[in-house]
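Undergrad:
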Amino acid sequence: MSNTSRKRREALVYHAKPKPGKIEVVPTKKYATQRDLSLAYSPGVAEPCLEIEKDKENAYKYTTKGNLVAVISNGTAVLGLGDIGPEASKPVMEGKGLLFKIFADIDVFDIEVDTKDVDKFIETVKNIAPTFGGINLEDIKAPEAFEIEQRLKAELDIPVMHDDQHGTAIISAAALLNAVELAKKKMNKVKIVVSGAGAAAVSCTKLYKSFGAKAENIVMLDSKGVIRKDRDNLSEEKKEFATSRKIDTLEQAMKDADVFVGLSIADIVTPEMLKSMAKRPIVFAMANPNPEINYDLAMKTRKDIIMATGRSDHPNQVNNVLGFPFIFRGALDVRASKINEEMKKAAVKALAELAKEAVPEQVNIAYGETRLNFGPDYIIPKPFDPRLIAKVPPAVAKAAMESGVARQDITDWQKYEDELLERMGNENKITRLLINRAKTNPKRIVFAEADHLDVLKAAQIVNDEGIGIPILLGRREVIKELMEEIDFDADVAIIDPKSDEEEEHLKAYAYKYWETRHRNGVTKYDAEKLMRERNYFAAMMVNEGDADALLSGYSRAYPTVVKPMLELIGMAKGVSRVAATNVMNTSRGPLFISDTSINIDPPAKDLAKIAQMTARTVQLFGMEPVIAMVSYANFGSSKDPKAKKVKEAVSYLHRFHPELSVDGELQADFALNREMLQNKFPFSKLAGKKVNTLIYPDLDSANSTYKLIKELNNVDSIGPIMMGMKRPVHILQLGASVEEMVNMAAVAVVDAQEKEKKMKK
Numbered sequence: 001m002s003n004t005s006r007k008r009r010e011a012l013v014y015h016a017k018p019k020p021g022k023i024e025v026v027p028t029k030k031y032a033t034q035r036d037l038s039l040a041y042s043p044g045v046a047e048p049c050l051e052i053e054k055d056k057e058n059a060y061k062y063t064t065k066g067n068l069v070a071v072i073s074n075g076t077a078v079l080g081l082g083d084i085g086p087e088a089s090k091p092v093m094e095g096k097g098l099l100f101k102i103f104a105d106i107d108v109f110d111i112e113v114d115t116k117d118v119d120k121f122i123e124t125v126k127n128i129a130p131t132f133g134g135i136n137l138e139d140i141k142a143p144e145a146f147e148i149e150q151r152l153k154a155e156l157d158i159p160v161m162h163d164d165q166h167g168t169a170i171i172s173a174a175a176l177l178n179a180v181e182l183a184k185k186k187m188n189k190v191k192i193v194v195s196g197a198g199a200a201a202v203s204c205t206k207l208y209k210s211f212g213a214k215a216e217n218i219v220m221l222d223s224k225g226v227i228r229k230d231r232d233n234l235s236e237e238k239k240e241f242a243t244s245r246k247i248d249t250l251e252q253a254m255k256d257a258d259v260f261v262g263l264s265i266a267d268i269v270t271p272e273m274l275k276s277m278a279k280r281p282i283v284f285a286m287a288n289p290n291p292e293i294n295y296d297l298a299m300k301t302r303k304d305i306i307m308a309t310g311r312s313d314h315p316n317q318v319n320n321v322l323g324f325p326f327i328f329r330g331a332l333d334v335r336a337s338k339i340n341e342e343m344k345k346a347a348v349k350a351l352a353e354l355a356k357e358a359v360p361e362q363v364n365i366a367y368g369e370t371r372l373n374f375g376p377d378y379i380i381p382k383p384f385d386p387r388l389i390a391k392v393p394p395a396v397a398k399a400a401m402e403s404g405v406a407r408q409d410i411t412d413w414q415k416y417e418d419e420l421l422e423r424m425g426n427e428n429k430i431t432r433l434l435i436n437r438a439k440t441n442p443k444r445i446v447f448a449e450a451d452h453l454d455v456l457k458a459a460q461i462v463n464d465e466g467i468g469i470p471i472l473l474g475r476r477e478v479i480k481e482l483m484e485e486i487d488f489d490a491d492v493a494i495i496d497p498k499s500d501e502e503e504e505h506l507k508a509y510a511y512k513y514w515e516t517r518h519r520n521g522v523t524k525y526d527a528e529k530l531m532r533e534r535n536y537f538a539a540m541m542v543n544e545g546d547a548d549a550l551l552s553g554y555s556r557a558y559p560t561v562v563k564p565m566l567e568l569i570g571m572a573k574g575v576s577r578v579a580a581t582n583v584m585n586t587s588r589g590p591l592f593i594s595d596t597s598i599n600i601d602p603p604a605k606d607l608a609k610i611a612q613m614t615a616r617t618v619q620l621f622g623m624e625p626v627i628a629m630v631s632y633a634n635f636g637s638s639k640d641p642k643a644k645k646v647k648e649a650v651s652y653l654h655r656f657h658p659e660l661s662v663d664g665e666l667q668a669d670f671a672l673n674r675e676m677l678q679n680k681f682p683f684s685k686l687a688g689k690k691v692n693t694l695i696y697p698d699l700d701s702a703n704s705t706y707k708l709i710k711e712l713n714n715v716d717s718i719g720p721i722m723m724g725m726k727r728p729v730h731i732l733q734l735g736a737s738v739e740e741m742v743n744m745a746a747v748a749v750v751d752a753q754e755k756e757k758k759m760k761k
């Protein structure tokens, strides 16, 4: 099966399993008792109904209306698929709902309307509008999309936005403002060529005009060529951008142009056209998946170019997710009656300004950059930037209030920003950051148990997604058979340590191992025998530089895999004890738990060192560690040796590492409940802070806690992450899932990246 066929199958399985679709409705109130149910429905529900009858605005107080957006389409212009109908558009609308939720914590119902009649569509939306706080129109073909949005904005008293029009416009306008500034040009002077005349192109160009671009400096093209005033049968939207210039082709339009904006088709801009543009040209080639001119070709053709595309694998991605979730968030939070031009322009300015601010280390880490700085390769923020939620919605909300469309004012802006940041604790952004970072510099990973189907599936994903370069260790015939079964036909290395082909490697590895262990009772014969064991062979591959990282442990008990790693790889310089941590993607945000796999009952000083290593791991993920040293006691309330051990570890850290935000001994509920901690222990170094790291006093409690959280709350876990090893080796939990192994592969790659940096210093 081809790679395309496999991707197709993966996409279908993703949408179908474990249950169909991507979003669901989840209760937000208690429902365990008869009393709860009588409040949720009859008779208690009558009370809020009567309050809303008195004043419809009370719907925002007593229902989900204020945080509920409808994503509505008739399926007439779906992605690159065209008019595929309402049912076929539903997966896209669900996906849009998913983005609303994970980026801005907005709930969504997707609604697919079975009509192409403009009047019927508008009537349907108007009839269901009382349910929602906002309407996001999606994938409706032009010119109907223009009329539908205009009429609904005029006739409804809630925000309505057609993201296909305005999303790209807002993001690209922010990028254009910054690009024009970097090119040392003026918006009212630049000559702009727009390739495409659909909803997005028209909206983009209108927004550029609102920021100073002049109509006489704009040339727009559709599939028939340049849109000129002397052309017949132009729509009202196209008439606005018709030029008087006597030009017919894109080639003619590009001569001496300052800006090219592409919302059309791939490869229509040639190097010659690019060379004919003015000095320091600005090129936004946004056709997806293939831009109007290949990025590498454009950069090679013009050294002075500032370029953006719609792709994530190049700098300056014009991605709508930078806009729509945050614009609706701000509009909903002031109960805006509409999304007007002032609000859209406020979003543009906020995005443009954010790109000029110092970039958090978390973002640099995610994109594998030493330091992202405002410049030709960074003119708009990255989608993973955690500041977006606190920057864009307040700007939109303020604009709504100032323009008179807000029905509820925000007075405490700092409190509002804090609330926005708190909303984003419930999504798995850290996993996306991790995988994205791994992709920036993939490393060779030995999968030591590749003759197991799930391990091979994980290796396949790692290979296909560009996370790492798999090296498959195990019985060659079994691996090949399994690869055929899952259509894994990539050119990857397969190594069978017991085969004749590896005899030379095996003997070389055995000799190296014997040299380091011959004074510990290991003979050459013993060494050669051990090298036939996959974990010993894999460890030597990493030791000798034949691989960059190692994953094992899927089919064997943890202690049996740890032993060869400690013998062959050993601990990093200055480390006296290795440990492991797990990252739990909880509803309150990422939570690191240590030591989950290795140290049974570490003494106080070792416990302190585990905390130090965990702090460095937290920083590796781009976060500042806030560490609670967990016990059954609080700050000396027990004199039992187990509690005193934790207290001593904290004293050690306070004395020798005052830079760390750490305290204890502390019960887990106090550690995780900021209000409780502040009220009861205001003297604590953790008071008022959000704890993201828990260090447990023994293996029993740490391991049980992370597994309990994982199983009861269906929480994703990344780990165990080995800390303190000389080289990147990570040991999986017995029977780890494919997803867990993929995440751990990303950890191994990032670990290898970091160790490589240290070696170069």
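If you read the sequence shown in full-length UniProt numbering, its first letter stands for residue 1, the second for the next number, and so on.
Even glycine gets a Cβ: it sits at the ideal position worked out from N, Cα and C.
In this text, all values refer to a predicted model and were calculated from it rather than measured experimentally.
(1) With a 10 Å radius around its C-beta and 16 neighbouring C-beta atoms as the bar for buried, classify T560 as buried or exposed.
(2) Starting from S172, trace the alpha helix (DSSP H) in both directions and tell me its first and last residue.
(3) Would you please state the rounded distance, in angstroms, between the beta carbons of P697 and V646? I believe it to be under 8 Å.
(4) Does DSSP classify Y378 as helix, strand or coil?
(5) Please report the Cβ distance between L473 and P497, rounded to the nearest whole angstrom; I am assuming they are in contact, meaning their Cβ atoms lie under 8 Å.
(6) Considering only their Cβ atoms, is the gap separating L550 from V618 smaller than 7 Å?
(7) From the DSSP output, which residues share a beta bridge with T617?
(8) In whole angstroms, give me the CA-to-CA distance for L372 and A358.
(9) From the DSSP output, read off the bridge partner residues of R228.
(10) For Y706 versus N599, is the C-beta distance shorter than 7 Å?
(11) Name the two residues that bound the continuous alpha helix (DSSP H) containing L506.
(12) When burial is assigned at 16 or more other CB atoms within 10 Å of the CB, is K186 buried or exposed?
(13) For S73, list the residues DSSP reports as bridge partners.
(14) Do you know whose CA, among V462, D418, R476, K141, lies nearest S499's CA?
(15) I'd like to know whether the C-beta atoms of G167 and F326 end up nearer to each other than 7 Å.
(16) Within its chain, find whatever has a CB closer than 7 Å to the CB of W413; leave out the 5 residues flanking it on each side and keep chain order.
(17) Relative to the alpha-carbon of D700, which residue among G75, S276, S597 has its alpha-carbon at the smallest distance?
(18) What's the C-alpha gap between I128 and I148?
(19) Using 7 Å as the limit for Cβ to Cβ distance, is M273 near chain D?
(20) Whole angstroms are fine: how far does the CA of I135 sit from the CA of A70?
(21) For P728, name the three-state secondary structure that DSSP assigns.
(22) Based on DSSP bridge pairs, tell me the residues matched to residue 776.
(23) Where D663 and T614 are concerned, what is the direct C-alpha to C-alpha distance, given to the nearest angstrom?
(24) Taking the beta strand (DSSP E) that E665 falls in, what are its first and last residues?
(25) Which first and last residues belong to the alpha helix (DSSP H) in which L530 is found?
(26) Output the residue ranges of the alpha helix (DSSP H) runs that lie fully inside the region 404-469 and measure 4 residues or longer, sorted by chain position.
(27) Bridge partners for S195 per DSSP, in chain order?
(28) Which residue marks the beginning of the beta strand (DSSP E) containing F284, and which one marks its end?
(29) Is the CB-CB distance between V202 and E237 below 7 Å?
(30) How many Å lie between I389 and I731 at the Cα?
(31) Where do the N-terminal and C-terminal ends of the beta strand (DSSP E) with M571 fall, by residue?
(32) Shortest alpha-carbon distance to A608 belongs to which of H657, S38, L250?
(33) Assess, as a yes-or-no matter, whether the region 283-293 is touched by the region 308-322 under the definition of 3 or more beta carbon pairs within less than 8 Å.
(34) Using a threshold of 6 Å, is the CB atom of S597 nearer than that to any non-hydrogen atom of the ligand GDP?
(35) Just to confirm, is the Cβ distance from M571 to G724 under 7 Å?
(36) Taking just the CA atoms, how far does I23 sit from I158?
TA: Well, looking at it:
(1) Against the sequence shown, residue 560 aligns to sequence position 560. Counting Cβ neighbours within 10 Å, T560 comes out exposed, since fewer than 16 surround it.
(2) As a position in the sequence shown, residue 172 is number 172, starting the count at 1. From DSSP, the alpha helix (DSSP H) with S172 extends over 163-182.
(3) As a first step, residue 697 must be located in the sequence shown, where it is residue number 697. As a first step, residue 646 must be located in the sequence shown, where it is residue number 646. At roughly 5 Å, the Cβ-Cβ gap stays under 8 Å, so P697 and V646 are in contact.
(4) Within the sequence shown, the letter at position 378 stands for residue 378. Residue state, collapsed to three classes: strand.
(5) Against the sequence shown, residue 473 aligns to sequence position 473. Against the sequence shown, residue 497 aligns to sequence position 497. Indeed, because the Cβ distance is near 7 Å, the residues count as touching under 8 Å.
(6) Position 618 of the sequence shown, counted from the first residue, corresponds to residue 618. Position 550 of the sequence shown, counted from the first residue, corresponds to residue 550. Cβ distance not < 7 Å, so V618 and L550 don't count as in contact.
(7) What you label residue 617 is simply residue 617 of the sequence shown in a count that begins at 1. Looking at the DSSP assignment, T617 forms no beta bridge with any residue, so it has no partner.
(8) To locate residue 372, count along the sequence shown from 1; it is residue 372. To locate residue 358, count along the sequence shown from 1; it is residue 358. Cα-Cα distance, rounded: 8 Å.
(9) Start at 1 with the first residue of the sequence shown, and residue 228 comes out as number 228. For R228, which the question treats as bridged, DSSP gives the partners T243.
(10) Within the sequence shown, the letter at position 706 stands for residue 706. Within the sequence shown, the letter at position 599 stands for residue 599. No. Outside cutoff.
(11) By 1-based counting over the sequence shown, the position of residue 506 is 506. Taken as a continuous stretch (DSSP letters only), the alpha helix (DSSP H) holding L506 covers 503-517.
(12) Indexing the sequence shown from 1 puts residue 186 at position 186. The residue is exposed, with fewer than 16 neighbouring Cβ atoms inside 10 Å.
(13) For the purposes of this step, residue 73 is taken as the residue at position 73 of the sequence shown. Looking at the DSSP assignment, S73 forms a beta bridge with E112.
(14) Along the sequence shown, read from residue 1 onward, the residue named residue 499 stands at position 499. Cα-wise, what sits closest to S499 is R476.
(15) On the sequence shown, residue 167 is found 167 positions in, with the first residue counted as 1. On the sequence shown, residue 326 is found 326 positions in, with the first residue counted as 1. Taking 7 Å as the Cβ cut-off, G167 and F326 do not qualify as a contacting pair.
(16) The count along the sequence shown starts at 1 and reaches residue 413 at position 413. Answer for W413: P394, listed in chain order.
(17) What you label residue 700 is simply residue 700 of the sequence shown in a count that begins at 1. Cα-wise, what sits closest to D700 is S597.
(18) Along the sequence shown, one-based indexing puts residue 128 at 128. Along the sequence shown, one-based indexing puts residue 148 at 148. Using only the alpha carbons, I get a separation of about 15 Å.
(19) The displayed structure is made up of one protein chain only, and chain D is not part of it.
(20) Locating residue 70 in the sequence shown gives position 70, counting from the first residue. Locating residue 135 in the sequence shown gives position 135, counting from the first residue. Cα to Cα, the separation comes out at about 5 Å.
(21) The residue labelled residue 728 in the question sits at position 728 within the sequence shown. In this structure, P728 counts as coil in the three-state DSSP scheme.
(22) Residue 776 lies beyond the stretch modelled for the chain, which goes from 1 to 761, so this question has no answer here.
(23) Counted from its first residue, the sequence shown places residue 663 at position 663. Counted from its first residue, the sequence shown places residue 614 at position 614. Roughly 14 Å between the two C-alpha positions.
(24) Counted from its first residue, the sequence shown places residue 665 at position 665. Taken as a continuous stretch (DSSP letters only), the beta strand (DSSP E) holding E665 covers 661-666.
(25) The count along the sequence shown starts at 1 and reaches residue 530 at position 530. It spans 524-531 - the alpha helix (DSSP H) in which L530 sits, taken as one unbroken run.
(26) 413-423, 429-440, 453-464
(27) As a first step, residue 195 is located in the sequence shown; it is residue number 195 there, counting from the start. Looking at the DSSP assignment, S195 forms a beta bridge with L221, G262.
(28) The residue given as residue 284 occupies position 284 in the sequence shown. Element bounds for F284: 282-285.
(29) Sequence index remark: in the sequence shown, residue 202 carries index 202 (1-based). Sequence index remark: in the sequence shown, residue 237 carries index 237 (1-based). Against a cut-off of 7 Å, the Cβ pair of E237 and V202 comes out as a contact.
(30) Indexing the sequence shown from 1 puts residue 389 at position 389. Indexing the sequence shown from 1 puts residue 731 at position 731. Looking at the two C-alpha atoms, the distance is approximately 36 Å.
(31) Within the sequence shown, residue 571 is the residue found at index 571, counting from 1. Run containing M571: none; DSSP gives neither H nor E here.
(32) Residue mapping note: residue 608 aligns to position 608 of the sequence shown, counting from 1. The candidate whose alpha carbon is nearest that of A608 is H657.
(33) yes
(34) Among the components modelled here there is no ligand, and therefore nothing to report on the ligand GDP.
(35) As a position in the sequence shown, residue 571 is number 571, starting the count at 1. As a position in the sequence shown, residue 724 is number 724, starting the count at 1. Cβ distance < 7 Å, so M571 and G724 count as in contact.
(36) Working through the sequence shown from its first residue, we reach residue 158 at position 158. Working through the sequence shown from its first residue, we reach residue 23 at position 23. For I158 and I23, the distance between alpha carbons rounds to 23 Å.
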